[in-house]
Ligand code: SF4
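Residue numbers (UniProt numbering): 1 to 309.
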């Protein structure tokens with residue numbers, strides 16, 4: 001069962017670690033030649049994560065951070081065994097890195113993300129089985145990031161037979177039908193599938209090794225910093241509707257409130273806006289306003305603030 005991946009973001013994940021004095025791992029130079037897909041970055045504090053970016057999605061979010069990955073990077077095809085080999089190889093490289101150990105960092109998370117892992121679910125399940133059997137990897141938490149839509153019509157079982165701890169983060173594109181339709185650029189009915197996908201996963205896995213969490217897939221960013229020519233610019237970034245109004249992410253639809261929030265609290269802190277290099281700048285501008293020194297600028301990105309150019 002072949003999975004399709006991208007390694008477009010491979011070296012960028014290590015950049016924050018270089019800033020923390022961890023050097024530039026040689027994997028960041030060799031990954032293209034080796035076709036490696038196991039990138040490594042910072043999860044939190046001193047915990048590192050191995051990250052797999054799966055290609056392909058069923059939504060078209062205007063602000064999508066991995067738009068470039070989907071449309072401007074080559075497909076890298078891997079069997080589950082190839083994926084395991086990449087993960088274990090990267091794990092070995094990180095473990096023997098003297099900067100990593102000297103600074104007290106260690107790997108604690110494997111993140112399966114990118115575009116939409118549920119679209120290659122049979123492959124992902126095989127990868128999870130291999131991680132579960134890997135002496136080197138099975139102690140790590142696995143986080144799967146999904147929009148949940150496809151799960152509404154899929155069999156979700158199978159992960160509770162494993163021993164690894166898994167978080168499935170269902171990333172909601174807004175909290176009601178209008179927000180969803182605007183942000184995701186697909187039919188509003190799909191918001192119902194997000195809800196149904198979440199409910200199905202949550203109810204099936206409640207009380208098992210799999211924790212299913214609702215998270216907000218995009219949020220406003222207060223005190224967003226841009227550095228230019230050694231100067232720091234601090235601004236607020238708002239996520240806006242088609243009329244330019246700031247979206248209210250507490251304006252829940254009835255079914256979202258009754259079926260999602262009744263089960264688990266929504267995590268708001270997962271995805272504040274970031275001007276990632278992988279976005280489509282044109283569509284992202286449509287959902288962004290920047291507030292700087294008391295003035296509000298519609299449809300510009302933080303780096304495009306007049307003071308910065
Ligand atoms: S943000 Fe996620 S769900 Fe939306 S288009 Fe991008 S990959 Fe798909």
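Ideal Cβ positions, reconstructed from N, Cα and C, are used throughout, including at glycine. Keep in mind that this is a model prediction, so the values were computed, not measured.
Can you tell which of the options has its C-alpha closest to the C-alpha of residue i?
i: residue 56; options: 117, 307, 258, 134; result: 117
i: residue 227; options: 155, 307, 20; result: 307
i: residue 236; options: 37, 301, 130; result: 301
i: residue 277; options: 157, 123, 12, 304; result: 12
i: residue 290; options: 196, 234, 254, 242; result: 234
i: residue 204; options: 156, 220, 224, 239; result: 156
i: residue 293; options: 255, 144, 44, 222; result: 222
i: residue 50; options: 268, 142, 256, 304; result: 142
i: residue 26; options: 42, 92, 180, 72; result: 92
i: residue 154; options: 181, 200, 161, 7; result: 200
i: residue 304; options: 177, 225, 43, 150; result: 225
i: residue 3; options: 70, 123, 58, 109; result: 123
i: residue 58; options: 39, 184, 38; result: 184
i: residue 73; options: 15, 7, 88, 266; result: 7
i: residue 220; options: 229, 195, 252, 269; result: 269
i: residue 148; options: 217, 254, 162; result: 217
i: residue 146; options: 129, 121, 161; result: 121
i: residue 108; options: 139, 244, 98, 135; result: 139
i: residue 133; options: 85, 281, 33, 195; result: 85
i: residue 171; options: 114, 283, 161; result: 114
i: residue 265; options: 30, 202, 106, 104; result: 202
i: residue 53; options: 76, 33, 43; result: 76
i: residue 166; options: 251, 212, 229, 196; result: 212
i: residue 310; options: 70, 88, 187; result: Limits of the chain in this structure are 1 at one end and 309 at the other, which puts residue 310 out of reach.
i: residue 272; options: 215, 244, 22; result: 215
i: residue 177; options: 160, 159, 247, 158; result: 247
Contact defined as beta carbons within less than 8 Å: I believe residue i pairs with residue j. What is the distance between those atoms, to the nearest angstrom?
i: residue 209; j: residue 164; result: 7 Å
i: residue 191; j: residue 260; result: Their Cβ separation, rounded to whole angstroms, is 11 Å, which puts residue 191 and residue 260 out of contact at 8 Å.
i: residue 61; j: residue 173; result: 6 Å
i: residue 137; j: residue 144; result: Rounded, the Cβ-Cβ distance is 15 Å, inconsistent with contact.
i: residue 14; j: residue 41; result: 6 Å
i: residue 127; j: residue 83; result: 5 Å
i: residue 152; j: residue 105; result: Their Cβ separation, rounded to whole angstroms, is 39 Å, which puts residue 152 and residue 105 out of contact at 8 Å.
Just list the residues that DSSP pairs residue i with in beta bridges.
i: residue 53; result: 113
i: residue 295; result: 292
i: residue 257; result: According to DSSP, which records beta bridges pairwise, residue 257 is partnered with nothing at all.
i: residue 146; result: 170
i: residue 28; result: BP columns for residue 28 are empty, so no partner.
i: residue 313; result: Past the edges of the chain, shown from 1 to 309, lies residue 313, and the structure says nothing about it.
i: residue 227; result: 232
i: residue 211; result: 167
i: residue 272; result: 219
i: residue 74; result: According to DSSP, residue 74 bridges with nothing at all.
i: residue 246; result: 240
i: residue 141; result: 109
i: residue 104; result: None, per the DSSP bridge assignment.
i: residue 205; result: Looking at the DSSP assignment, residue 205 forms no beta bridge with any residue, so it has no partner.
i: residue 3; result: 78
Given the structure, does residue i come close to the ligand COA, in the sense that its CB is under 8 Å from one of the ligand's heavy atoms?
i: residue 4; result: In terms of ligand content, the structure shown lacks the ligand COA and carries the ligand SF4 instead.
- Query: When a residue counts only if its C-beta is closer than 5 Å to some heavy atom of the ligand SF4, which residues count, in chain order?
  - Reply: 57, 59, 61, 64, 115, 147
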